[in-house]
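Here the sequence shown stands for residues 1 to 700, where the numbers follow UniProt numbering.
Note that the Cβ used here is the ideal one computed from N, Cα and C, for glycine as well.
All values derive from a computational prediction rather than experimental measurement.
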Amino acid sequence: MSLPGVFLFSHYVESFWSTPPPLVDWSGVPTLVLVVVAVLMAATALLARSPDTKLPTRLPGPPALPLLGTRWLFWSRYKMNKLHEAYEDMFRRYGPVFAETMPGGATVVSIAERAALEAVLRTPARRPYRPPTEIVQVYRKSRPDRYASTGLVNEQGEKWFHLRRHLTSELTSPHTMQGFLPELNSICDDFLNLLQSCRRPDGTVYGFEQLTNRMGLESVCGLMLGTRLGFLERWMSGRAAALASAVKAHFRAQRDSYYGAPIWKFAPTSLYKTFVRSEETIHTIISELMDEAMSRTAGAAQDDGMRQIFLNILANPELDMRDKKAAVIDFITAGIETLANSLVFLLYLLSGRPDWQQKIRSELPSCGELRVEELAAASSIRAATNEAFRLLPTAPFLARLLEAPMTIAGHRLPAGTFVLAHTGAACRREENFWRAHEYLPERWSNVREPHAAALVAPFGRGRRMCPGKRFVELELHLILAKIMRQWRVEFDGELDIQFDFLLSPKSPVSLRNHGLNITLADDGSLGEEINLLIGKDYYFSFINSGIIADIEKAFLQLGLQEQDKDVTRFLWLKNWKTGVTEDNFECYRFCRVSFGIVSSPFLLNAIIKYHLSNNRDPLVANTSEKIYVDNLITAVESVQDAIKLQSKVYTALQDISMNVRQWNSNSKEFIEAIPINLLENKESTKVLSMIWNTKKDILH
């Protein structure tokens, strides 16, 4: 009998014994072509095998093609954003240990067998090797001005050991985490206030993952830079949005570079350019944040809890400044996604267990700041988190290079073999966990065999373990405790998950019709609900009607005073064919504010804000804060307010000869109410550096 409220993972429950469909239907391919391909495949396999790597028996696995290896599977049958499902399928086809072939002939062994996993992950090594992410390695080696190494994640041997010894001691210290807890309490409170402020009148809050990303930014930057940066304010800054977007693009480019065609290694493809843009955006923004943090730290008293990690990294004479900056960049980049995705998965899974939510509440004090001792006493929180890590780890497999020969499932693997340890898949196998596909936090308090707890490794194992493990666990425990004290968590629908080099929630197809809702209902007399819509991309607004518009030729509407025009003088050739001669010049000067001059946006915004903020209508006056250069970007509670705002803002700026046009919105009613000559009339439009699909209401 199923436990009450237990959520079943239907997409993982497919029978292990069912016969999978064929990979490819070969019936339409000419026999001669098949013969040629078979011969080439055989030749490739023979050439790729050296005497010291021959196995007693060949490992099972998908067929390899010349030059492509087995990567063709990820361009045909499988989708790269569903790699976790692809590997589940391959384990069903080939068993818990199988081999893939990389382009070029190298072998990658995937394992989901308990004994094999424990053998690989428990092998002692002072300097364990893991395969580097090639695209990161290639780019960072091309930029010695920014990077002294490829970073803690990608370095090997003595260099890796040096970085680890000097970068991670404070981050992994319980004392450091305890010192940071008061600030973490404050960050979590601000996150709950942000959720509260984002409710619609009916209790709905859109863009939950965007909010969790902002919490990840604020908390990880607070830990690594020793200062609060304001990412949890009501409206997210453009810098925060750009950083979050770049981090997502960064992980996806890593995924595509590994599983996609390796053309980027030979030519600067769009994939490589996308990666470079994301890496440079991340480097630029975090460098700015570090500079700001250093300037604040220089004039402030040292706070052991808040600034300990940042100060120790900066003061370490054993590290190159480029390595210090790269470490902070890597910690922040990884921390944002890991924390945000883990929280989404945790709340999603808990939504099916209202009884366990109540158990968590019963173990917590009803109010006040939470201390380490109170979190430690709430065993139900640890159980809920551990079970979420078991079922939905953000990192579903770990990469290793064998340092010594090893026998796995009867196959002797030579030293240097690339192994993918699929701990996530192993945790969902019935031989490793009782009722393995169900979310059962109680399994961690009342153990029932089988219970292979050592397989739960969302942060890795051994010396290569993620140094942010202790921090992420502490914040998850704290924010879960605070949410449980205030709300009940409910979920309607099934969460769609994708692989972006980490597991992450996938956005729903449609905001209104196919949204996946988490509901946070007040656990008091009001019973009001907050529906948190989960999506991988950014929803435009947290309320009903998002609106954008453009001011036509805005700079040309600003005239220069007579005494200022001489500053803009420039020389012009009377006749360009004659060439540069003394009598072929004439002097001009601008009468209007010029686009492209540094001061022009300041002048434009000052004038627009002056006229809007002095308007007697509060709806119009508040819009003065929603102008970015010559664009209006705002959101309002209702369609009626949106229509009213459009009319009044249009009239107010017409009075100073500014034509507000190209109006667009996610509200169909708003679009229908606006004169057609003022509409942009596009389904997808640009909002700053992103694309907004107004029909689906998604920013990406």
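Backbone CA spacing between residue i and residue j [nearest angstrom]
{"i": "leucine 211", "j": "alanine 334", "result": "17 Å"}
{"i": "isoleucine 530", "j": "phenylalanine 208", "result": "With a pLDDT of 25 at isoleucine 530, under the threshold of 50, the modelled position of this residue cannot be trusted, and the question is left open."}
{"i": "lysine 696", "j": "threonine 685", "result": "12 Å"}
{"i": "alanine 293", "j": "isoleucine 548", "result": "34 Å"}
{"i": "alanine 86", "j": "threonine 107", "result": "18 Å"}
{"i": "phenylalanine 501", "j": "lysine 626", "result": "35 Å"}
{"i": "arginine 296", "j": "glutamate 431", "result": "54 Å"}
{"i": "asparagine 681", "j": "leucine 603", "result": "30 Å"}
{"i": "tryptophan 576", "j": "arginine 589", "result": "19 Å"}
{"i": "leucine 350", "j": "glutamine 486", "result": "15 Å"}
{"i": "leucine 289", "j": "methionine 224", "result": "10 Å"}
{"i": "serine 525", "j": "leucine 229", "result": "With a pLDDT of 29 at serine 525, under the threshold of 50, the predicted position of this residue should be treated as unreliable, though the coordinate-derived value follows. Approximately 35 Å between the Cα atoms of the pair."}
{"i": "proline 131", "j": "arginine 400", "result": "6 Å"}
{"i": "glycine 222", "j": "proline 317", "result": "23 Å"}
{"i": "leucine 480", "j": "isoleucine 381", "result": "7 Å"}
{"i": "proline 174", "j": "leucine 478", "result": "15 Å"}
{"i": "asparagine 605", "j": "isoleucine 674", "result": "25 Å"}
{"i": "aspartate 320", "j": "tyrosine 129", "result": "23 Å"}
{"i": "proline 21", "j": "methionine 690", "result": "Reliability of the predicted coordinates at proline 21 is poor, the pLDDT of 41 falling under 50, and no value is obtained from them."}
{"i": "serine 667", "j": "alanine 454", "result": "50 Å"}
{"i": "arginine 322", "j": "histidine 437", "result": "45 Å"}
{"i": "asparagine 693", "j": "glutamine 646", "result": "20 Å"}
{"i": "glutamine 137", "j": "leucine 612", "result": "51 Å"}
{"i": "leucine 192", "j": "arginine 488", "result": "13 Å"}
{"i": "phenylalanine 555", "j": "asparagine 81", "result": "44 Å"}
{"i": "leucine 217", "j": "glycine 238", "result": "13 Å"}
{"i": "alanine 45", "j": "serine 379", "result": "Caution applies to alanine 45, whose pLDDT of 46 falls short of 50 and renders its modelled position unreliable; the value that the coordinates give is listed next. Roughly 52 Å separates the two Cα atoms."}
{"i": "glutamate 155", "j": "serine 149", "result": "7 Å"}
{"i": "isoleucine 518", "j": "threonine 568", "result": "Only weak support exists for where isoleucine 518 lies, its pLDDT of 46 falling under 50; the value from the coordinates is given anyway. Roughly 57 Å between the two C-alpha positions."}
{"i": "arginine 143", "j": "histidine 166", "result": "23 Å"}
Presumed contact (8 Å Cβ cut-off) between residue i and residue j, rounded CB distance
{"i": "leucine 346", "j": "alanine 384", "result": "7 Å"}
{"i": "glutamine 254", "j": "isoleucine 360", "result": "About 35 Å separates the two Cβ atoms, so there is no contact after all."}
{"i": "serine 545", "j": "serine 638", "result": "7 Å"}
{"i": "arginine 146", "j": "histidine 283", "result": "6 Å"}
{"i": "tyrosine 272", "j": "tryptophan 264", "result": "4 Å"}
{"i": "arginine 443", "j": "glutamate 387", "result": "7 Å"}
{"i": "phenylalanine 491", "j": "tyrosine 348", "result": "6 Å"}
{"i": "serine 219", "j": "glutamate 475", "result": "6 Å"}
{"i": "alanine 426", "j": "arginine 114", "result": "6 Å"}
Residue i: CB within 6 Å of a non-hydrogen atom of the ligand GTP
{"i": "serine 142", "result": "No copy of the ligand GTP occurs in the structure displayed, which carries no ligand at all."}
Own chain, CB closer than 8 Å to residue i, minus 5 neighbours either side, in chain order
{"i": "lysine 54", "result": "For lysine 54, the predicted structure reports a pLDDT of 44, less than 50, and the residue's modelled location is therefore unreliable. A value from the coordinates is still provided. So no residue of the chain qualifies."}
{"i": "cysteine 591", "result": "Gly559, Leu560 and Lys565"}
{"i": "phenylalanine 389", "result": "Ser342, Val456 and Pro458"}
{"i": "histidine 162", "result": "Glu318"}
{"i": "alanine 404", "result": "Thr123 and Ala415"}
{"i": "aspartate 655", "result": "His611"}
{"i": "glycine 157", "result": "Arg127 and Tyr129"}
Close Cβ partners of residue i (< 6 Å) along its chain, the five nearest in sequence each way excluded
{"i": "proline 62", "result": "Thr70 and Leu73"}
{"i": "glycine 468", "result": "Gly335"}
{"i": "glycine 424", "result": "Pro393 and Pro396"}
{"i": "glycine 460", "result": "Leu398 and Cys466"}
{"i": "isoleucine 551", "result": "Asp630, Met658 and Val660"}
{"i": "serine 197", "result": "Arg234"}
{"i": "leucine 65", "result": "Trp72"}
Beta-ladder partner(s) of residue i, from DSSP
{"i": "glutamate 586", "result": "Trp572"}
{"i": "threonine 101", "result": "Thr107"}
{"i": "aspartate 550", "result": "Asn631 and Arg661"}
{"i": "leucine 420", "result": "Ser110 and Ala399"}
{"i": "lysine 141", "result": "According to DSSP, which records beta bridges pairwise, lysine 141 is partnered with nothing at all."}
{"i": "glutamine 498", "result": "Ser504"}
{"i": "arginine 461", "result": "None, per the DSSP bridge assignment."}
{"i": "histidine 611", "result": "In the DSSP output, where bridge partners are listed per residue, histidine 611 has none listed."}
{"i": "methionine 294", "result": "Partner(s): none; methionine 294 has no beta bridge."}
Own chain partners of residue i with C-beta closer than 7 Å, once the 5 adjacent residues on each side are dropped
{"i": "glycine 95", "result": "Pro60"}
{"i": "proline 450", "result": "Glu431, Asn432, Phe433 and Trp434"}
{"i": "valine 247", "result": "Ile282, Thr333, Ile336 and Glu337"}
{"i": "isoleucine 633", "result": "Ile548, Lys626 and Val687"}
{"i": "glutamate 279", "result": "Tyr139 and His250"}
{"i": "cysteine 188", "result": "Leu478, Ile479 and Lys482"}
{"i": "aspartate 256", "result": "Met80 and Leu271"}
{"i": "lysine 506", "result": "Asp496, Ile497, Gln498 and Lys536"}
Mind the definition here: the stretch 370 to 380 touches the stretch 323 to 342 only if three or more C-beta pairs lie below 8 Å; say whether that holds.
-> no
Inset, instruction - Spell out a yes or no on whether the stretch 233 to 253 and the stretch 355 to 369 are touching, meaning 3 or more CB-CB pairs, one atom from each, closer than 8 Å. - result: These segments do not touch.
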